[in-house]
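*Asks:*
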Amino acid sequence: MCGPRGLLVGDGRSRGGAGAPGSWCRRCERRHRCCGCRAQGASSPGREPAESGPVPRGLPLAAAPVCPAAPSAAGGGVLAAEWPRGPSTPGGHPGPGAAEPATPPLPGPQRATLGPGLRATSALPLPGGQCRDALGACLPGSLTTLPSSLGGLARLVHLDLSFNSLETLPDCVPQMRGLGALLLSRNRLSELPEALGALPALTFLAVTHNRLQTLPTALGTLSTLQHLDLSENLLDTLPPEIGGLSSLAELSLASNRLRSLPASLAGLRSLRLLILHSNLLASVPAGLGHLPLLTRLDLRDNQLRDVPPELRDAPFVRLQGNPLGKALPDSCSAPGTPVVPEMPRLFLTSDFDSFPVTPQGCSVTLACGVRLQFPAGATATSVIIRYRLWLPEPRLVPLGPHDSLLSGVLELQPHGASFQQEVGLWLLFVPPRVRRCREVVVRTLSDDSWSDLETHLEEEAPKRLWAHCQVPHFSWFLVVSRPVSNACLVPPEGTLLFSSGNPGIKVTFPPGATEEPCHVRMQVACLLQVVHVADRELQALLGEPAAAVSPLLCLSQSGPSGFLRPVTVQLPLPPGITGLSLDRSHLHLLYQAPPTATWDDITAEVALELTHLYARFQVMHFSWYWLWYTTKTCVGDLARKAWARLRLHHVNLIALQRRRDPEQVLLQCLPRHKVDATLRRLLERYHGPEPSDTVEMFEGEKFFAAFERGLDVDADRPDCVEGRVCFVFYSHLKNVKEVYVTTTLDRQAQAVRGQVSFYRGPVPEEVPEEAEAARQRRGADALWMATLPIKLPRLRGSEGPGLGRGAGLSLAPLNLGDAETGFLTQSNLLNVAGRLGPDWPAVALHLGLSYQELQRIRHKFRDDLDGQIRHMLFSWAERQAGQPGAVGRLMQALEQSDRRDVAQEVRAILELGRRKYQDGIRHTSLAPGDDASPGASASQPPEPAQAQTC
Numbered sequence: 001m002c003g004p005r006g007l008l009v010g011d012g013r014s015r016g017g018a019g020a021p022g023s024w025c026r027r028c029e030r031r032h033r034c035c036g037c038r039a040q041g042a043s044s045p046g047r048e049p050a051e052s053g054p055v056p057r058g059l060p061l062a063a064a065p066v067c068p069a070a071p072s073a074a075g076g077g078v079l080a081a082e083w084p085r086g087p088s089t090p091g092g093h094p095g096p097g098a099a100e101p102a103t104p105p106l107p108g109p110q111r112a113t114l115g116p117g118l119r120a121t122s123a124l125p126l127p128g129g130q131c132r133d134a135l136g137a138c139l140p141g142s143l144t145t146l147p148s149s150l151g152g153l154a155r156l157v158h159l160d161l162s163f164n165s166l167e168t169l170p171d172c173v174p175q176m177r178g179l180g181a182l183l184l185s186r187n188r189l190s191e192l193p194e195a196l197g198a199l200p201a202l203t204f205l206a207v208t209h210n211r212l213q214t215l216p217t218a219l220g221t222l223s224t225l226q227h228l229d230l231s232e233n234l235l236d237t238l239p240p241e242i243g244g245l246s247s248l249a250e251l252s253l254a255s256n257r258l259r260s261l262p263a264s265l266a267g268l269r270s271l272r273l274l275i276l277h278s279n280l281l282a283s284v285p286a287g288l289g290h291l292p293l294l295t296r297l298d299l300r301d302n303q304l305r306d307v308p309p310e311l312r313d314a315p316f317v318r319l320q321g322n323p324l325g326k327a328l329p330d331s332c333s334a335p336g337t338p339v340v341p342e343m344p345r346l347f348l349t350s351d352f353d354s355f356p357v358t359p360q361g362c363s364v365t366l367a368c369g370v371r372l373q374f375p376a377g378a379t380a381t382s383v384i385i386r387y388r389l390w391l392p393e394p395r396l397v398p399l400g401p402h403d404s405l406l407s408g409v410l411e412l413q414p415h416g417a418s419f420q421q422e423v424g425l426w427l428l429f430v431p432p433r434v435r436r437c438r439e440v441v442v443r444t445l446s447d448d449s450w451s452d453l454e455t456h457l458e459e460e461a462p463k464r465l466w467a468h469c470q471v472p473h474f475s476w477f478l479v480v481s482r483p484v485s486n487a488c489l490v491p492p493e494g495t496l497l498f499s500s501g502n503p504g505i506k507v508t509f510p511p512g513a514t515e516e517p518c519h520v521r522m523q524v525a526c527l528l529q530v531v532h533v534a535d536r537e538l539q540a541l542l543g544e545p546a547a548a549v550s551p552l553l554c555l556s557q558s559g560p561s562g563f564l565r566p567v568t569v570q571l572p573l574p575p576g577i578t579g580l581s582l583d584r585s586h587l588h589l590l591y592q593a594p595p596t597a598t599w600d601d602i603t604a605e606v607a608l609e610l611t612h613l614y615a616r617f618q619v620m621h622f623s624w625y626w627l628w629y630t631t632k633t634c635v636g637d638l639a640r641k642a643w644a645r646l647r648l649h650h651v652n653l654i655a656l657q658r659r660r661d662p663e664q665v666l667l668q669c670l671p672r673h674k675v676d677a678t679l680r681r682l683l684e685r686y687h688g689p690e691p692s693d694t695v696e697m698f699e700g701e702k703f704f705a706a707f708e709r710g711l712d713v714d715a716d717r718p719d720c721v722e723g724r725v726c727f728v729f730y731s732h733l734k735n736v737k738e739v740y741v742t743t744t745l746d747r748q749a750q751a752v753r754g755q756v757s758f759y760r761g762p763v764p765e766e767v768p769e770e771a772e773a774a775r776q777r778r779g780a781d782a783l784w785m786a787t788l789p790i791k792l793p794r795l796r797g798s799e800g801p802g803l804g805r806g807a808g809l810s811l812a813p814l815n816l817g818d819a820e821t822g823f824l825t826q827s828n829l830l831n832v833a834g835r836l837g838p839d840w841p842a843v844a845l846h847l848g849l850s851y852q853e854l855q856r857i858r859h860k861f862r863d864d865l866d867g868q869i870r871h872m873l874f875s876w877a878e879r880q881a882g883q884p885g886a887v888g889r890l891m892q893a894l895e896q897s898d899r900r901d902v903a904q905e906v907r908a909i910l911e912l913g914r915r916k917y918q919d920g921i922r923h924t925s926l927a928p929g930d931d932a933s934p935g936a937s938a939s940q941p942p943e944p945a946q947a948q949t950c
């Protein structure tokens, strides 16, 4: 049974107690068979830990337990030995931007005393990672060693030292003879001591995300070890003694530097799971195919050109990402020439958020569409690199007035880390629709300011483009499309700068324009030919058919704010206008000084020199310039409106309901030219009203969708505030979201005719009522953009809400789980399905579906990957409804399929459901005038909830 905050109480024989199988620990991401970890306290490495049990007395907050273990009846979990902390935050971790703390001064053995409660404890969780810095990165704990007196904990079964700063294993650990589980993940260990073999009861060992280069030979003496995880290290060889682990059932060596395997691995007769992906293996022992209990052998992303026949067709072997059947490249070097070793390659799946880099260098391919190449010598020591791909939002995406975003935002850590050689970075991006006079660049944050890197484009396929650049440091990176720019260094002797987008635009710097050794940089961008305003729109704006404008010229400089001598600028005359026929009174030179949006007419302040095709004028400092030819007199206000129209995108808003499940609603904001093609693709599975009228939006503009007239969003989503779904419009990215809607109205009596309205801006505290929004529709500054109808059909017979979810299955309200452990609703399962992608067959097999069922699903939905995934998941869920342990089986299948990211989010959903359940019990029991007993209220099923979108 569970005590306060999820701690286990009892004699250790109950489910989840000491020695119970199936308990999950977030630090090692494996099942514990020797401790009392509970799934509700779990979280994946690198993420903010969930609330856990109370901090044992005397421990620094940095060592607060994350996965609470079962305390003994004698008061386990009470630590009488106290030691001071080094300089840190109140949580025991360095503050944001602070340097790594020094080793905290620990008391010597003569001063450390063990209280009676600590001597009897069976579990001691001391993980770090409880705090984050200002940028959201998880901070390691400050522990670098342990008091030697802790070696006297004879009853200690579980020790968690993950997420700390250990460089060597504390000497007291090998003295804990009864230790069954040892968690050392995410430290700085470069080796393990031979004394580790002195732990005769050890069954679980996790040393992931460290810097191990070799393993002790004594590791093979751990005859009771069942689970060994050494992934994300720097291992290049394995000792032959590893074949002595006679009880080993799970072995993970993913993301190391292994080039070969010892033949003794074929002697691990108890092995069920062997993970070897993302190494440098050129061969594997043939004996692995004869292991009697092996159910999974993961050899993906290695250098295998051939495998033994025993493994080639085995159903439990994964070989994707290997150069199978390809011949070795011919060697063109002369005899006697030293062979340069091939650069190591890493292929990371979505469940890894970090990787090691050694002085040897490596080539890394991330699952999020990013490639990195670290040349040999880029780092002097081994470095752990962490990455994350953020969804774009205005605070992370700095865009100029005429820029377009083409990718997500990549964050590489450690921030500011410099390399001895530049690192190659490749980012996938969406091809821009307009390429004339535009260029694609990688933008990065450096020294609190954003700058553009020199970028080269590589085309892998017609619609698969890479932006390649060299980066000297790590920070945030994104791909943008901007107007073509040119820059030069102006010497005191003067120079001439042309625009590569329009050679007719040039700037002449006379001698003496700058003082020696003053360096001036400037940028030229021609915009009008990039973002085109149709002639009829301009003529309608100005009210005259002969109006015309030139390209918009943007000039900027660094260094002094002005020049010592006038600089000559040449602009082409507006189209259709020549210097021989124009009326000079109709020609206007406009000037704008960003960040102001006003345009001033400076024609009378400069001397315009006209030729047949060009206009020349002189300036003393740079800004934005625009030539207009019009009979209007007040041109500044017209230019402001035209400049805003240059940056607007014409879009349509759509709201469609899935044909088989009308409660599932797709919301999307589409550029006008993409609407017809998108609707043709979607209308096979969706139906709904016609798209909205065309509205105009800026790049990066916020808007939100609000369900009205009895409808609400049936989920707790990070992008949903009080039932309003938030969006940010980026013209080249998919602005689409799928949600489930619900209603409080009686659908048994009649259909619910609701609507969804779209409004500009961030979500406000109050949204105007439908009638008020309708009155504001024609207002110039109205927030309302469009309203589209949503109809939930009347329920017939015994149907209930949610019928039809899951690709046409007749599911009653489906809640996998129970009130105490948390529910998974149909909406949760839909989100899970949306994350599986091509991994769904592996998940299905681990859920127990047969190959025949998979083939039937593939045939039935042969042109619809989403349909295949949903049908598989919901048909399985329908069979599991009401059965205990269904959610656990789903999470186990996700873990076994290398989708720990989705499994972690399922845990977060369950945790939120449990919290709501407990809150509901408290509120019911404390409500005034409530006659129901706490026990009766607790028996009522709570409202299912989601923690976040999977």
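The numbering of the sequence shown is the UniProt record's numbering, which starts it at 1 and goes up by one. Beta carbons: idealized from backbone N, C-alpha and C, even for Gly.
Below 8 Å on the Cβ atoms is my contact criterion, and I expect Thr744 with Gly700 to pass it. Report the Cβ-Cβ distance as a whole number of Å.
*Replies:* Counted from its first residue, the sequence shown places residue 744 at position 744. Counted from its first residue, the sequence shown places residue 700 at position 700. With 8 Å as the limit, Thr744 and Gly700 do not qualify as a contact, their Cβ atoms being about 36 Å apart.
*Asks:* When you compare the stretch 622-637 with the stretch 577-595, are there three or more beta-carbon pairs, one atom per stretch, that lie closer than 8 Å?
*Replies:* Short answer: they touch.
*Asks:* On the three-state DSSP scale, how would you describe Val549?
*Replies:* Here residue 549 refers to the residue found at position 549 when the sequence shown is read from its first residue. Val549: strand per DSSP, three-state reduction.
*Asks:* Would you tell me roughly how many angstroms separate the C-alpha atoms of Ser148 and Leu139, rounded to the nearest one?
*Replies:* Translated into the one-based positions of the sequence shown, residue 148 becomes position 148. Translated into the one-based positions of the sequence shown, residue 139 becomes position 139. One C-alpha to the other measures close to 26 Å.
*Asks:* DSSP three-state call for Leu396: helix, strand or coil?
*Replies:* On the sequence shown, position 396 is the one that residue 396 refers to. Residue state, collapsed to three classes: coil.
*Asks:* Starting from Ala786, follow its DSSP beta bridges and name the residues at the other end.
*Replies:* Here residue 786 refers to the residue found at position 786 of the sequence shown. Note: Ala786 sits in a beta bridge opposite Phe758.
*Asks:* Are there 16 or more other CB atoms within 10 angstroms of the CB of Gln373, so buried, or fewer, so exposed?
*Replies:* Here residue 373 corresponds to residue number 373 of the sequence shown, with the count starting at 1. Classification of Gln373: buried, given that the 10 Å Cβ count is 16 or more.
*Asks:* Given this structure, state the Cα-to-Cα distance separating Pro566 from Glu544, to the nearest angstrom.
*Replies:* Looking up residue 566 in the sequence shown gives position 566. Looking up residue 544 in the sequence shown gives position 544. Their Cα atoms are separated by approximately 35 Å.
*Asks:* Alpha carbon to alpha carbon, how far is Glu690 from Lys641?
*Replies:* Here residue 690 refers to the residue found at position 690 of the sequence shown. Here residue 641 refers to the residue found at position 641 of the sequence shown. Going by the C-alpha atoms only, they are around 30 Å apart.
*Asks:* With respect to the alpha helix (DSSP H) encompassing Gly636, which residues constitute its N-terminal and C-terminal limits?
*Replies:* For the purposes of this step, residue 636 is taken as the residue at position 636 of the sequence shown. Unbroken alpha helix (DSSP H) run through Gly636: 635-646.
*Asks:* Given this structure, state the Cα-to-Cα distance separating Cys362 from Arg659, to the nearest angstrom.
*Replies:* Your numbering for residue 362 matches position 362 in the sequence shown. Your numbering for residue 659 matches position 659 in the sequence shown. Rounded to the nearest angstrom, the two C-alpha atoms are 49 Å apart.
*Asks:* Determine contact between the stretch 454-471 and the stretch 497-513, defined as no fewer than three beta-carbon pairs at a distance below 8 Å.
*Replies:* In short, these stretches do not touch, since the Cβ pair count stays below three.
*Asks:* Taking the runs of the beta strand (DSSP E) that are 3 residues or longer, which of them lie wholly in the UniProt domain "ZU5" (351-483)?
*Replies:* Entirely contained in the UniProt domain "ZU5" (351-483), the beta strand (DSSP E) runs reaching 3 residues are, in chain order, 354-357, 362-366, 370-374, 383-390, 409-413, 418-429, 438-446, 449-453, 456-461, 464-473, 476-483.
*Asks:* Starting from Asn735, follow its DSSP beta bridges and name the residues at the other end.
*Replies:* Within the sequence shown, numbered from 1, the residue matching residue 735 stands at position 735. DSSP, once it has assigned bridges, lists Cys669 as partnering Asn735.
*Asks:* Look at the alpha carbon of Lys791 and the alpha carbon of His649, and state the distance between them as a whole number of angstroms.
*Replies:* The sequence position of residue 791 within the sequence shown is 791, counting from 1. The sequence position of residue 649 within the sequence shown is 649, counting from 1. Cα-Cα distance, rounded: 30 Å.
*Asks:* Determine the contact status of Pro375 and Gln413, defining contact as a CB-CB distance below 8 Å.
*Replies:* Position 375 of the sequence shown, counted from the start, is the residue given in the question as residue 375. Position 413 of the sequence shown, counted from the start, is the residue given in the question as residue 413. For Pro375 and Gln413, no; Cβs fall outside 8 Å.
*Asks:* Which same chain residues end up closer than 7 Å to Glu241 when comparing Cβ atoms and leaving out the 5 residues on each side of it in sequence?
*Replies:* Translated into positions along the sequence shown, residue 241 becomes position 241. So the qualifying residues of the chain are Thr217, Leu219, Gly220.
*Asks:* Roughly how far, in whole angstroms, is the beta-carbon of Thr208 from the beta-carbon of Leu222, given that I think they are within contact range, below 8 Å?
*Replies:* Looking up residue 208 in the sequence shown gives position 208. Looking up residue 222 in the sequence shown gives position 222. With 8 Å as the limit, Thr208 and Leu222 do not qualify as a contact, their Cβ atoms being about 17 Å apart.
*Asks:* Can you say whether residue 952 is buried or exposed, counting buried as having 16 or more other CB atoms within 10 angstroms of its CB?
*Replies:* Since the first residue of the chain shown is 1 and the last is 950, residue 952 is not available in this structure.
*Asks:* Distance check for Leu199 and Arg177, CA to CA, integer angstroms please.
*Replies:* To locate residue 177, count along the sequence shown from 1; it is residue 177. To locate residue 199, count along the sequence shown from 1; it is residue 199. Rounded to the nearest angstrom, the two C-alpha atoms are 5 Å apart.
*Asks:* Find out if the Cβ-Cβ distance for the pair Leu311, Leu288 is shorter than 8 Å.
*Replies:* As a first step, residue 311 must be located in the sequence shown, where it is residue number 311. As a first step, residue 288 must be located in the sequence shown, where it is residue number 288. Cβ atoms of Leu311 and Leu288: closer than 8 Å.
*Asks:* Using a threshold of 8 Å, state whether the C-beta atoms of Pro285 and Leu253 are closer than that.
*Replies:* Counted from its first residue, the sequence shown places residue 285 at position 285. Counted from its first residue, the sequence shown places residue 253 at position 253. In this structure, Leu253 does not lie closer than 8 Å to Pro285 by Cβ.
*Asks:* Compare the C-alpha of Pro594 against each of Val606, Ile602, Trp624, Leu571 and name the closest.
*Replies:* Here residue 594 is taken as the residue at index 594 of the sequence shown, counted from 1. Closest by alpha carbon: Trp624.
*Asks:* Do you know how far the Cα of His621 is from the Cα of Ser558?
*Replies:* As a working note, residue 558 is residue 558 in the sequence shown. As a working note, residue 621 is residue 621 in the sequence shown. Roughly 11 Å between the two C-alpha positions.
*Asks:* Going by CA-CA distance only, name the one from Leu293, Asn233, Asp313 that's closest to Leu276.
*Replies:* As a position in the sequence shown, residue 276 is number 276, starting the count at 1. The shortest Cα separation from Leu276 among Leu293, Asn233, Asp313 belongs to Asn233.
*Asks:* State buried or exposed for residue 955, treating a residue as buried only when at least 16 other CB atoms are found within 10 Å of its CB.
*Replies:* In the structure as shown, the chain begins at 1 and stops at 950. Residue 955 is therefore absent and cannot be evaluated.
*Asks:* Taking the straight line between their C-alpha atoms, what separation do you get for Thr787 and Glu708?
*Replies:* Taking the sequence shown and counting its residues from 1, one reaches residue 787 at position 787. Taking the sequence shown and counting its residues from 1, one reaches residue 708 at position 708. Those two C-alpha atoms are separated by around 10 Å.
*Asks:* Jot down the residue ranges of each uninterrupted alpha helix (DSSP H) in the UniProt domain "Death" (825-910), minimum 4 residues, whole runs only, in chain order.
*Replies:* Those alpha helix (DSSP H) runs which fall completely within the UniProt domain "Death" (825-910) and span 4+ residues are 826-836, 840-847, 851-860, 865-880, 886-896.
*Asks:* Is the beta carbon of Leu667 closer than 8 Å to that of Lys734?
*Replies:* Translated into the one-based positions of the sequence shown, residue 734 becomes position 734. Translated into the one-based positions of the sequence shown, residue 667 becomes position 667. Against a cut-off of 8 Å, the Cβ pair of Leu667 and Lys734 comes out as no contact.
*Asks:* Enumerated in chain order, which unbroken segments of the beta strand (DSSP E) with a length of 3 residues or greater are wholly contained in the stretch 551-605?
*Replies:* List check, beta strand (DSSP E) in window: 553-558, 567-572, 587-592.
*Asks:* Compare the C-alpha of Ala123 against each of Ser757, Leu679, Val157 and name the closest.
*Replies:* As a first step, residue 123 must be located in the sequence shown, where it is residue number 123. The shortest Cα separation from Ala123 among Ser757, Leu679, Val157 belongs to Val157.
*Asks:* For a test of the three-state rule: what should DSSP assign to Ser485, helix, strand or coil?
*Replies:* Residue numbering aside, residue 485 sits at position 485 when the sequence shown is read from its first letter. The answer is strand: DSSP assigns Ser485 an E or B state.
*Asks:* Can Gln226 and Phe204 be called in contact, C-beta distance under 8 Å?
*Replies:* Sequence index remark: in the sequence shown, residue 226 carries index 226 (1-based). Sequence index remark: in the sequence shown, residue 204 carries index 204 (1-based). Taking 8 Å as the Cβ cut-off, Gln226 and Phe204 qualify as a contacting pair.
*Asks:* Go through its chain and collect everything with a Cβ distance to Leu215's Cβ below 6 Å, but skip five positions before and after it.
*Replies:* Against the sequence shown, residue 215 aligns to sequence position 215. Answer for Leu215: Pro239, listed in chain order.
*Asks:* So, under 8 Å CB-CB, Leu273 and Thr295 are touching, yes? Tell me the CB distance rounded to an integer number of Å.
*Replies:* As a working mapping, residue 273 is identified with position 273 in the sequence shown. As a working mapping, residue 295 is identified with position 295 in the sequence shown. About 7 Å separates the two Cβ atoms, so the contact holds.
*Asks:* Identify the continuous beta strand (DSSP E) that holds Val157 and give its terminal residues.
*Replies:* Here residue 157 corresponds to residue number 157 of the sequence shown, with the count starting at 1. No beta strand (DSSP E) holds Val157; DSSP gives it neither H nor E.
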